[in-house]
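Residue numbers (the numbering used here): 16 to 559.
To keep things clear, I will list the structure first and then write my remarks on it.
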RNA sequence: GCGCCCGUAGCUCAACUGGAUAGAGCAAUUGCCUUCUAAGCAAUAGGUUACAGGUUCGAGUCCUGUCGGGCGUACCA
C-alpha cells in the first residue's frame, strides 16, 4: 500500500515544475490519531519551500491531480497545516485479509534484499568461560537481526569469531592445571588473575578421571588448555542451541596468521605509506582518517594488537563475497570500529559493506544493587542459569524488547518473579486463545472455503485488520534499522487489538456466516502472531 | 580533558528517524468471571520530555552550551 501511495503521489507531482533535487522523498506514515485516517503524507509541507507557496494550497493541487483506485482508497483529505490523509476502502482490507491466509507462514516476507549475501557476526566470546547474561543481549540481537534479514529475502550466514591463543588462554590453562593438582591433593599455587569459576574445577575433575595423576609432573599446560577450550566451547554451543541459535560457521583468528592475511595487511599498509615503525612498534596512520592519534598494530614484542586481525578478518569477510557484513558489538568495542573501517578502506574495500550494531551494556541488578560482572572473578550470572529461572522465551524476549541503543537494566529478582506476568505471555496467550476458539469452531461447524468477509464491519474488526496489514512494513523497517524491538512493540499492539475484538465480538454462538467470517479473521491474527514470534525465535503455543 | 551512547509518568521503557493532542507495561485506585482461556478487559490518577538557548510552518527527535549517568580513551582483548 505504501508503495502504491508513493506511486500515485509522484504521478501527481509531475504537474509541478520541479528540479530533480527539489523533489523530496515521499514519506508515508500511519497517523497517531486514527481520526486522521490510515496513512498520511507530509509532502505538501516539504514542497512549501521550493514551490514558495503555502502547504495547504499545494496539497489541494496535489490531491486534485491524484488518480487513485477507489477500490483501495476510500477518501483523501487535507488536514492541519497541509497533511494529506488517506482512508483505505474496506474491500481493500478484505483483500489483504485473504492475502494473509493465502501466504500463511510467508506473510510478511519481502524481496528487498533478494540475491544479497549477508554475514552477521555475533557472540564471538572467547572460550574462557560460560556465556553470561552480558553475552545474552549480543547473541539474541545478532540472531534476530539475521532472522529479520532473512525475511527481507537475504541469504544470511551467522558466524562466531574467536581467538584461542594468547595470554587469556594461557591463564585459562594454568587455572585448570592448578585445580587439577589441588584435586589430586597436591600443593599448587593458583595463578595471579586466574579464572576462579566453579566450571574450572569441573574441568579439572574430568581430567583427573581421564588421566589420573599422569599429568602431575609435567609443566606443559597444553593438555589443560585444550581440554578447557573444547569443553567450554561445547558448553557455549549448547547454551546457544538452547536459545534457538545456530551458527553457520566458526572463524578462528589463528587462520588469519596461518594463511598470511595478517602479513599481507601490514604489507599493503606500508605500500600505501599508511604504516610505519616507531619505538620498536608498528603503527597504523589512523590520523589520516581523522583520528587524533595513530594506532599501534604490532607491539614492540612482535605480537599484533587485536586491531590488526580485526582488519584482516573484515577484509576476509568481503573477500568471501558478502554484500554486507554486520557486526554486533557491545559499547566497549565501539572505539575499534572506526579503525577497522579505516583499515579496510585503506586496503581498497567498500566500507559501506560493513555495518555495525552497537548495543549498550546490560546493567545487572542483583539484590537491588548494580552488580559488576567479571568472567575471571566468576561473579557472573550465566545464561543457562537465567534460562533455568525464566525459560528460553522470556530470556529472548527480555533482551529484544528494548532498543539496542538504550542501557538495559536486568533485575534478576524481577526477571525471576516476572514469570507469568511477563509481557511475552501476553502475546503467547493471545495466540493460544485463538487456537482454543478455532478448535471449538472446528468441532461445531464446517469451515467454509469462502467466508463472507465483508460482514466484518465492527470497529474492532476493522481496527484488527488494519493492524495486521502493517506487519510486512514493520519487518522491513525493523530489519533496515536492525532494531528487533520494533517488531515486539508492533506485536503487542496487534495482540491488544485482538483482545479488544475478543471482548467486543463473540465468535461461537453467532449466526453461521458471522462465525465463519470471524473465525477466519481470528485465524489470520494467529498466523501473524506466529510469524512474528517465529522471527523473534519465540514459541507460539496453541495451548497454555 | 577528549570521543561515543543515554537522560521521557513513582519504576522499566516506546514514540515509525522532524509531524497533528508524547504512549505502553509494572506499581496505585475503581469497576467487570452463569457466555469462545480473568495469564484478560474498561476506567481514574500520574509529564515544563534534565536545564538554557537556537534552527522552522512544526522539536522528545537536529545544532550550541550546562548538569547528571554509562562505556571507552593502553604497545589489554
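In this text, a Cβ means the ideal position worked out from N, Cα and C, and glycines have one as well.
Separation of residue 79 and residue 47 (C-alpha to C-alpha, rounded to the nearest whole angstrom) is 25 Å. For residue 82, same chain residues with a beta-carbon under 8 Å away, outside a window of 5 residues either side, are 23, 26 and 27 in chain order. In the three-state reduction of the DSSP assignment, residue 132 falls in the strand class. Take residue 294, set aside five residues on each side of it, and the residues of its chain with a beta-carbon closer than 7 Å to its own are 315, in chain order. Relative to the Cα of residue 30, the nearest Cα in the group 179, 43 and 76 belongs to 76.
When the five nearest sequence neighbours on each side are left out, the beta carbons in the same chain lying within less than 8 Å of the beta carbon of residue 281 are those of 290, 297, 312, 313 and 323, in order along the chain. For residue 126, there is no enclosing alpha helix (DSSP H), as DSSP marks it with neither H nor E.
Counting only residues of its own chain and dropping the five nearest sequence neighbours on each side, residue 255 has a CB closer than 8 Å to the CB of 138, 146, 154, 261 and 262. Residue 166 and residue 343 have their C-alpha atoms spaced approximately 19 Å apart. Less than 8 Å divides the Cβ of residue 209 from the Cβ of residue 186. Beta-bridge partners assigned by DSSP to residue 298: 291 and 311. Going by beta carbons, residue 501 and residue 493 fall inside the 8 Å limit. Residue 56 carries a strand assignment under DSSP once its states are collapsed to helix, strand and coil. Here residue 520 really is in contact with residue 473; their C-beta atoms are around 5 Å apart, less than 8 Å.
Each of 231, 368, 439 and 352 was checked against the Cα of residue 304, and the nearest Cα belongs to 352. With the rule of 3 Cβ pairs closer than 8 Å, the stretch 169-188 counts as touching the stretch 229-239. Annotation: the stretch 142-192 contains the following complete segments of the alpha helix (DSSP H) (minimum length 4 residues), in chain order: 148-166.
Going by DSSP, residue 401 is part of the alpha helix (DSSP H) stretching over 398-405. Distances from the alpha-carbon of residue 522 to those of 407, 470 and 224 put 470 closest. Residue burial annotation: residue 43 is buried, with at least 16 other C-beta atoms found within 10 angstroms of its C-beta.
Straight-line measurement puts the Cα of residue 173 at about 34 Å from the Cα of residue 113. Excluding five sequence positions before and after residue 102, the CB atoms of its chain that fall closer than 6 Å to its own CB belong to 52, 53, 89 and 90, given in chain order.
Measuring C-alpha to C-alpha distances from residue 462 to each of 438, 412, 441 and 537 identifies 537 as the nearest. Residue 423 is bridged by DSSP to 377. Burial is judged here by how many other beta carbons sit within 10 angstroms of a residue's own beta carbon; residue 417 has at least 16 and is buried. For the options 96, 108, 98 and 250, the alpha carbon positioned closest to that of residue 86 is the one of 108.
In this structure, 176 is the residue among 227, 198 and 176 with its C-alpha nearest to the C-alpha of residue 267. Annotated three-state conformation of residue 359 is helix, per DSSP. Counting only residues of its own chain and dropping the five nearest sequence neighbours on each side, residue 41 has a CB closer than 7 Å to the CB of 21, 24, 25, 56 and 58.
Per DSSP, the continuous beta strand (DSSP E) segment holding residue 92 begins and ends at 88-94. Nearest to residue 168 by alpha-carbon distance, out of 204, 205, 129 and 143, is 129. Taking residue 310 as the centre and dropping the five residues before and after it, the same chain places the C-beta of 298, 299, 301, 322 and 354 closer than 7 Å to its C-beta, in chain order.
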